[in-house]
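Asks:
Residue numbers (the UniProt record's numbering): 1 to 670.
#1: What three-state label does DSSP hand residue 519 in the structure shown?
#2: Where does residue 486 sit, in a helix, a strand or coil, going by DSSP?
#3: Name the one or two DSSP bridge partners that residue 507 has.
#4: In whole angstroms, what separates the C-alpha of residue 672 from that of residue 172?
#5: For the candidate residues 490, 315, 534 and 595, whose alpha-carbon lies nearest to that of residue 633?
#6: Report back the beta-carbon spacing between residue 328 and residue 187 to the nearest angstrom; my notes put them in contact at under 8 angstroms.
#7: Identify every run of the beta strand (DSSP E) within the region 187-251, keeping only runs that are complete inside it and at least 3 residues long; order them along the chain.
#8: Please list the segments of the beta strand (DSSP E) lying wholly inside the region 559-583, counting only runs of 3 or more residues, in order along the chain.
#9: Apart from the five residues just before and just after residue 547, which ones in its own chain have a Cβ nearer than 7 angstroms to its Cβ?
#10: Cβ of residue 285 within 8 angstroms of Cβ of residue 413?
#11: Would you kindly work out how many angstroms separate the C-alpha atoms of residue 196 and residue 121, rounded to a whole number?
#12: On the DSSP bridge list, what partners appear for residue 432?
#13: Is residue 513 helix, strand or coil when you go by DSSP?
#14: Looking at the strands, I want to know which residues DSSP matches up with residue 462.
#15: By DSSP's criteria, residue 384 is part of a beta bridge. Which residues make up the other side?
#16: Determine the burial state of residue 391: buried for a count of at least 16 other Cβ atoms within 10 Å of its Cβ, exposed for fewer.
#17: For residue 401, name the three-state secondary structure that DSSP assigns.
#18: Hey, could you find the ends of the beta strand (DSSP E) residue 343 is sitting in?
#19: Taking only the alpha-carbon atoms, compute the straight-line gap between residue 592 and residue 636 and give it to the nearest angstrom.
#20: Going by C-alpha distance, which of 438, 528 and 433 is nearest residue 345?
#21: Among the residues of its own chain, which have a CB less than 8 angstroms from the CB of residue 476, if the five just before and after it don't count?
#22: Using a Cβ-Cβ cut-off of 7 angstroms (strictly less than) and excluding sequence neighbours within five positions of residue 566, which residues of its own chain qualify?
#23: Using only alpha-carbon positions, find the residue among 152, 521 and 333 that is nearest to residue 582.
#24: Tell me which same chain residues have a C-beta within less than 8 angstroms of the C-beta of residue 618, skipping the five on either side of it?
#25: With a threshold of 7 angstroms on Cβ separation, who are the neighbours of residue 381 within its own chain once the five nearest residues in sequence on each side are excluded?
#26: Just checking my contact of residue 110 with residue 180 at CB under 8 angstroms: how many whole Å lie between their CB atoms?
#27: Taking just the CA atoms, how far does residue 127 sit from residue 206?
#28: What separation, rounded to the nearest whole angstrom, lies between the Cα atoms of residue 455 and residue 600?
#29: Taking the DSSP output, what are the residues bridged to residue 612?
#30: For residue 374, is the classification buried or exposed, using 16 other Cβ atoms within 10 angstroms of its Cβ as the cut-off for buried?
#31: When we look at the beta-carbon of residue 354 and count the other beta-carbons within 10 Å, is it buried (16 or more) or exposed?
#32: DSSP three-state call for residue 335: helix, strand or coil?
#33: Quick check: what's the CA-CA separation for residue 519 versus residue 166?
#34: Distance check for residue 387 and residue 331, CA to CA, integer angstroms please.
#35: Sort 485, 562 and 447 by Cα distance to residue 471 and report the nearest one.
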């Protein structure tokens, strides 16, 4: 079957939007369809029109409306996994407050653009003419903006911005709701060129596009996951649950999705491995399970942007998700070593690992996922080839998580696991593996996760992404993560019963990327004035430079005499609890974020302060959370240290809208 190529211009966009609106298309994704879709992409040398097959347009419609197709330590670990699941299923009822009522749609929390008598009225017909890369105008609630300069700076890539050019943004922002923050509109106001007339505003309202819900087939998430970005879903667990078990139960593992969750038939699944120096192979799921030895590894994953909200203060961060603190979890992954698969495809992995062979055209291993946006762009990233071929690197193509098939939210049926590296590099729903001289060209590799210098900001630098001015050589792409730790218990803003108590127990987690071990965690209850070393919990044996999994810590801290006296007098006392970790390379967490503030909000590891109130009138150990927040996960600095409901942070809304009872853990894999 063949499809003619047509330009993605006004008419083809109309076709796409009509397809979206009709909510028809393909519900399942097979590798052959995906090939035809991608093979249809080309760029005409004579024009700037993006070329896409007619099938690609229909496929894109389906993506948007329906979310594309579908030894001793080992014994200890197995017991730990089983124990984590059992503890989670049988855990006592938590005394959390009811979530605050959100009375209006979160988009309504964005202030309307201000009245601007100093700007001209621009006809809607004129706005619609500015819809290519040479000139991109947009409207939002009656305001008109010229964002042509932003074509290279948009974190999601130029095609997404081009798709909405000449139109109103509100319908598009309903699909990608990470835009729904007031500072986005404030920034756009600087690039406003006019306003629509009242009649044209009415036309926009009457003819607003309805793309349907591309996330409607997403799995239901556990109510103990805080959705810090709703569409696409990104959720972090209540951090007070992270110290209950060493292994994080699957349903509590943080979720980072860049697009809708694919619904993939495992019987149709194909993994393509190709590129420089190897012979192209296609592997089914059964091939991976039967052709190679199974390898298991326990590793902690952390999103490169964990704690991003802390950086969002006077200087704004213009990228999502809006992580607070809990985008870090630990699991036992099962699959096949990347080096074994590459060896089968013809690569001399042993010689490369030993440095005996260093081909100039083999430097990186690129990953591409089956999750695809409406323009045909799939998620992707890459890791250095040294990590993939290292016999001690434990990099695998995983098909199990804690002894069970991968949940859909975590990459079913196969994902990449590169222990010690940022979560962004560990591609889910893995479709293609490409051996290359270059790093992945996907925007999530080249733009989203870079560590820029503190003087680089979004408004003046990243928004235009001018290669003549932006020094990318000074903004490394995130791979291995820095040392970090944070306090989980007592939770942020908790009220702790202290009747007759003379000490307090502090618990938390610590981790360092690159396989570096946690050697010590110091804890303070006075904001860092005085410190004491915590007891470290390391239930599994990990070798030097292969400490992929986190360290949990506990410290029973005697209360200073002056605090005991205040409690004895019936006074409530607030503690400022904080921890700092040191890894095996003597890397220490910094106290403050200012020296390493970066516009992308990545690799955030300054001290996390937990404010907890000691109440002598309550029984010892009694814990109460304030009623104005749904989760104890709150930033310790930044602009959004306020009740969650005001910013759309909440658990999965399907728990409120779907009447069926929440299923048992892992029952929703298939």
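All residues carry an ideal CB built from backbone N, CA and C; glycine is no exception.
Replies: According to the structure data:
#1: strand
#2: strand
#3: 489 and 554
#4: The question about residue 672 has no answer, for the chain in this structure spans 1 to 670.
#5: 490
#6: 30 angstroms between Cβ atoms; not a contact.
#7: 192-195, 225-229 and 234-237
#8: 573-583
#9: 515, 516 and 517
#10: yes
#11: 6 angstroms
#12: 272 and 368
#13: coil
#14: DSSP, once it has assigned bridges, lists no residue as partnering residue 462.
#15: 364
#16: exposed
#17: strand
#18: It is not in any beta strand (DSSP E) - residue 343 instead sits in the alpha helix (DSSP H) that spans 338-344.
#19: 11 angstroms
#20: 433
#21: 450 and 451
#22: 573
#23: 521
#24: 495, 496, 497, 498, 499 and 624
#25: 367, 424, 425, 427, 440, 442, 444 and 445
#26: 6 angstroms
#27: 17 angstroms
#28: 12 angstroms
#29: 575
#30: buried
#31: exposed
#32: strand
#33: 56 angstroms
#34: 20 angstroms
#35: 447
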